């Protein structure tokens, strides 16, 4: 879909003042009069690292030096929510904003992700009134000249925006039509943010944790796998600064997912890489995965903490507070450890050597990407079916954990090779698998959390005087988690039955045959 | 949201100038203000350069929120909107009479605007009618300009007695001396005595000044085109007293 900005224009000519351009375009029906002095403002656009606002059709702009609200959130429909707030430092969570409509609109979209500057510019804003025959203002013209912040300072063509005064939309539309037909004025095809990002060599949505590589079925399998692995390395590296600075919890999450996907790719398809490569790196990636685990486990607790505390029946949230303090303190310690690991020579060597290994010239012959994908997906699928079918109500937890890992491997393979398949069949196959994964994930998380809560309780006891009420509250938490675990265990049989049903099997067969491409 | 009505049984006492200047001052203070020009003569609309015309006329407005929203016009001043006059308002009594509970109609129509406005100012036509009764029921504050004459004081008494007979909600009456001619002894005396004698009359007076008359030439509130003038200062003092009393 092409975005349109029917009331926004770009002024091409620099010879004529914008007010003269507007006067010539709108005479004789309308008069144009300057309103106030031009203002210079510093503009900063904010979004999460993964562009959640952009994806939700929202633009958040901060203007320093303006009379109006400091923060303006604009929806794709042009609706605006403003808030004045001084002294906020970004990146920060939306909860840093003062309570009010802006905070309430942003919080559910950004969730646990921090808002951070995506672009900065300096702007000179001049307002003009458009008057009718009664000399009544029926619309405002805003002329904005922008230049990129910083040393670069690239100057962008001035923009002209028409804003209707309430009740005068018909006149504003007519004004826009007249401007559209005027010489030296062209309709804007991008938002101011898009213009600034483009001038800075970026575009909205330029980071996503999803794998987005375009493979072809007949390309050499090694080239395809290397493309996937290079993409994952890019994701991993993109998340390092945010993880070290602890900007929000999801930098580490995405970094960990990139590491896990890398390890699975090497384990499941490493035989097509150059000889010796999998062996040389698998140990190092295991180290990287391991150093990120303790802090993520704590994050899982902290992210769900408010909900957990609110769900207590016998205990009160206040009684659980010592547990919260303990989690926060432990996290600070683990965060320092992780930052040290990510700044270490070992980590730098790993990423550098890995990039070099993936850039080595690949042989032109050998198995194709299509054949590799079909072979590995059907093997992984068969493994899930076989191991799942062997699980009975009496099977030990380890058998479910093992199945969970196999499901994850199958899911990763589907993600690596997604571009080879018909999106409709591929998405349905992923949906089939996701139902089973959600159940197994819940079961595993509950098991781990119960083990951890006992361990945390024991550690808290050794460290300081812990009120008995805190341990009782933790006991109640453990019992709630145990109930969830039992529910997940009971649901497993029906989830696996859905996954192994003939319709789902047919989809996987179609996917790995020519029909799925 | 509060509703303020400028009202007097008598005409030509300065209701419109008061409504326009008070509305402008409230908006300048940061309130989101809607001014409804209920007088079919459309003087308020003229002063704010808005054409006195509403699609579907008064009948459409009385129907519901959507029609009301569509008729609202932004003025040239931040946060000050206007619901313009329409010549069909001359039949407002008939229109209201055709609705259920006509005296409550205006109140029911305006209350839902609370999410959009902090203050609604109703500029009413003179006289006692179903419309004015509906306004008296809806208003939180009744701002009554008084020409300082004995007869005017008598009308204020009539109005107060009428309101005293209401069941339930009663607006706070805030009267003030308007169009004072300093050269007239009677004006001076009444303007000094009234606030002493009556608690519903405030001290601020609005003199008869040519600058206030000039509003019809400038087509703007005097508080906007001559903000430092004596007239603007008096309106600001009146606004402060009104805000203190009932807003």
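Residue numbers (the numbering used here), protein chains in the order written: chain Z, 3 to 519; chain H, 10 to 256.
Every residue, glycine too, gets a C-beta built ideally from N, C-alpha and C.
Treat the numbers as computed from the prediction; the structure is a model and nothing was measured.
Which of helix, strand or coil DSSP assigns to residue 209/Z: Within the first chain, numbered from 1, the residue matching residue 209/Z stands at position 207. Three-state result, residue 209/Z: coil.
When 216/H, 169/H and 10/H are compared against residue 188/H, the one with the closest alpha-carbon: Taking the second chain and counting its residues from 1, one reaches residue 188/H at position 179. Looking only at 216/H, 169/H and 10/H, the smallest Cα-Cα distance to residue 188/H is reached by 216/H.
Selected residue, minimal CA-CA separation from residue 2/H, among 93/H, 104/H, 20/H and 52/H: A question about residue 2/H goes unanswered here, because the residues of chain H that appear run from 10 up to 256.
Residue 137/Z: contacting residues in chain H (beta-carbon distance under 7 Å): Reading the first chain from its first residue, position 135 is the one you call residue 137/Z. What residue 137/Z touches in chain H: 58.
Residue 50/H: first and last residue of the uninterrupted beta strand (DSSP E) it sits in: Indexing the second chain from 1 puts residue 50/H at position 41. Taken as a continuous stretch (DSSP letters only), residue 50/H belongs to no beta strand (DSSP E), as it is neither H nor E.
Separation of residue 219/Z from residue 8/Z, as counted between CA atoms: What you label residue 8/Z is simply residue 6 of the first chain in a count that begins at 1. What you label residue 219/Z is simply residue 217 of the first chain in a count that begins at 1. In a straight line, the C-alpha of residue 8/Z is about 43 Å away from that of residue 219/Z.
Cβ pair residue 51/Z, residue 209/Z closer than 8 Å: As a working mapping, residue 51/Z is identified with position 49 in the first chain. As a working mapping, residue 209/Z is identified with position 207 in the first chain. Yes, Cβ-Cβ distance for residue 51/Z and residue 209/Z is below 8 Å.
Close Cβ partners of residue 275/Z (< 7 Å) along its chain, the five nearest in sequence each way excluded: Your numbering for residue 275/Z matches position 273 in the first chain. These residues qualify, in order along the chain: 224 and 227.
Whole-angstrom C-beta distance between residue 251/H and residue 183/H, which should lie under 8 Å: Taking the first residue of the second chain as 1, we reach residue 183/H at position 174. Taking the first residue of the second chain as 1, we reach residue 251/H at position 242. Sure, about 6 Å apart at Cβ, within 8 Å.
Contacts of residue 67/H in chain Z (Cβ-Cβ under 9 Å): Counted from its first residue, the second chain places residue 67/H at position 58. Ordered by position in chain Z, no residue passes the 9 Å Cβ test against residue 67/H, which lies about 17 Å from the chain.
Proximal chain Z residues relative to residue 51/H, where beta-carbon distance stays under 9 Å: Walking along the second chain from the start, residue 51/H turns up at place 42. Those within 9 Å of residue 51/H in chain Z number zero; the least Cβ separation is about 13 Å.
Residue 39/H at chain Z interface by Cβ criterion, 8 Å: Here residue 39/H corresponds to residue number 30 of the second chain, with the count starting at 1. No - not a single Cβ of chain Z is within 8 Å of the one on residue 39/H.
Alpha helix (DSSP H) segment containing residue 202/Z, residue limits: Within the first chain, residue 202/Z is the residue found at index 200, counting from 1. No residue range can be given for residue 202/Z, since it is assigned to no alpha helix (DSSP H) and is classified by DSSP as neither H nor E.
Host beta strand (DSSP E) of residue 215/H (start-end): By one-based count along the second chain, residue 215/H stands at place 206. It spans 210–216 - the beta strand (DSSP E) in which residue 215/H sits, taken as one unbroken run.
Interface partners of residue 81/H on chain Z, CB under 9 Å: Position 72 of the second chain, counted from the start, is the residue given in the question as residue 81/H. In chain order: 168 and 169.
Chain Z residues whose Cβ lies nearer than 7 Å to that of residue 85/H: Within the second chain, residue 85/H is the residue found at index 76, counting from 1. Close partners of residue 85/H in chain Z (Cβ separation under 7 Å): 138 and 139.
Residues near residue 70/Z by beta carbon distance below 7 Å, same chain, minus five either side: Position 68 of the first chain, counted from the start, is the residue given in the question as residue 70/Z. Unreliable positioning characterises residue 70/Z in this predicted model, as indicated by a pLDDT of 49, which lies under 50. The coordinate reading is nonetheless provided below. These residues qualify, in order along the chain: 84.
DSSP-derived helix/strand/coil call for residue 365/Z: Counting from 1 along the first chain, the entry for residue 365/Z is found at position 363. Look at residue 365/Z here: in three-state DSSP terms it is coil, with no helix or strand label.
Cβ distance (whole Å) where residue 164/Z is taken to contact residue 177/Z below 8 Å: Counted from its first residue, the first chain places residue 164/Z at position 162. Counted from its first residue, the first chain places residue 177/Z at position 175. Contact flag correct, Cβ pair sits at about 5 Å.
Three-way DSSP call (helix, strand, coil) for residue 36/Z in this model: By 1-based counting over the first chain, the position of residue 36/Z is 34. In this structure, residue 36/Z counts as strand in the three-state DSSP scheme.
Contacts that residue 95/H makes with chain C (C-beta to C-beta distance below 7 Å): Going by chain labels, chain C is absent from the structure shown, which instead holds the protein chains Z and H.
Distance, residue 497/Z Cα to residue 391/Z Cα: Your numbering for residue 391/Z matches position 389 in the first chain. Your numbering for residue 497/Z matches position 495 in the first chain. Going from the Cα of residue 391/Z to the Cα of residue 497/Z covers about 12 Å.
Sub-8 Å separation of residue 411/Z and residue 270/Z beta-carbons: Your numbering for residue 411/Z matches position 409 in the first chain. Your numbering for residue 270/Z matches position 268 in the first chain. Taking 8 Å as the Cβ cut-off, residue 411/Z and residue 270/Z qualify as a contacting pair.
Identified DSSP bridge partners for residue 147/Z: What you label residue 147/Z is simply residue 145 of the first chain in a count that begins at 1. Looking at the DSSP assignment, residue 147/Z forms a beta bridge with 126/Z.
Proximity test, Cβ basis, 8 Å: residue 132/H and chain Z: As a first step, residue 132/H is located in the second chain; it is residue number 123 there, counting from the start. No, residue 132/H does not count as interfacial toward chain Z.
Pair within 8 Å by beta-carbon distance, residue 30/H and residue 232/H: Translated into positions along the second chain, residue 30/H becomes position 21. Translated into positions along the second chain, residue 232/H becomes position 223. Result yes, Cβ atoms of residue 30/H and residue 232/H sit closer than 8 Å.
Chain-ordered residues of the region 113–144 of chain H with a beta carbon less than 9 Å from chain Z: So nothing in the stretch comes that close.
Alpha-carbon spacing of residue 451/Z relative to residue 481/Z, whole angstroms: Indexing the first chain from 1 puts residue 451/Z at position 449. Indexing the first chain from 1 puts residue 481/Z at position 479. For the pair residue 451/Z and residue 481/Z, the Cα-to-Cα distance works out to about 11 Å.
Proximal residues to residue 324/Z (C-beta, below 8 Å), its chain only, five neighbours per side dropped: One-based indexing of the first chain puts residue 324/Z at position 322. Annotation for residue 324/Z: 462, 468, 469 and 472 place their beta carbon closer than 8 Å to its own, counting only its chain and skipping 5 residues before and after.
is_contact[residue 90/H, chain Z] using C-beta, thresh 8 Å: Start at 1 with the first residue of the second chain, and residue 90/H comes out as number 81. Interface residue, yes.
Paired residues, beta bridge with residue 82/Z - DSSP: The residue given as residue 82/Z occupies position 80 in the first chain. 76/Z.
Cross-strand partners of residue 83/H (DSSP beta bridge): Sequence index remark: in the second chain, residue 83/H carries index 74 (1-based). Residue pairing by DSSP places residue 83/H opposite 90/H in a beta bridge.
Buried/exposed call for residue 175/H, threshold 16 Cβ in 10 Å: Taking the first residue of the second chain as position 1, residue 175/H is located at position 166. By the 10 Å Cβ count, residue 175/H comes out exposed.
For residue 186/H, the three-state DSSP class (helix, strand or coil): Position 177 of the second chain holds residue 186/H. The DSSP-derived three-state label of residue 186/H is strand.
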